[in-house]
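Peer 1:
In the working numbering, the protein residues as written are 21 to 101.
1) Which residues does DSSP list as the beta-bridge partners of residue 59?
2) Quick check on DSSP: helix, strand or coil for residue 78?
3) Assuming contact is defined by CB atoms lying nearer than 8 Å, are residue 88 and residue 28 in contact in what I supplied?
4) Out of 70, 71 and 58, which one is the CA nearest neighbour of residue 31?
5) Going by DSSP, which residues form a beta bridge with residue 45?
6) For residue 73, which beta-bridge partners are listed by DSSP?
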């Protein structure tokens, strides 16, 4: 399983979007999601991105180079000692 890092943009609610938050991954065409809260919107965006990447893999389409792929999980921790 590959792990991808995706840069996203979270837009504040606007009347034209029905007063919902909009999030998108510019590097992944069609990867957009809407929600009532930022957390809900980003969760939906994860689901959409996962589906789009899986479809690209199934169809033999390239994954955009702008998406950073890791072959093992990485992260960072903040601790107080």
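Virtual Cβ for every residue (Gly too), placed ideally from N, Cα, C.
Peer 2: In short:
1) DSSP output for residue 59 lists no bridge partner at all.
2) Helix, per DSSP.
3) no
4) It is 58.
5) Bridge partners of residue 45 according to DSSP: none are assigned.
6) Bridge partners of residue 73: none, in fact.
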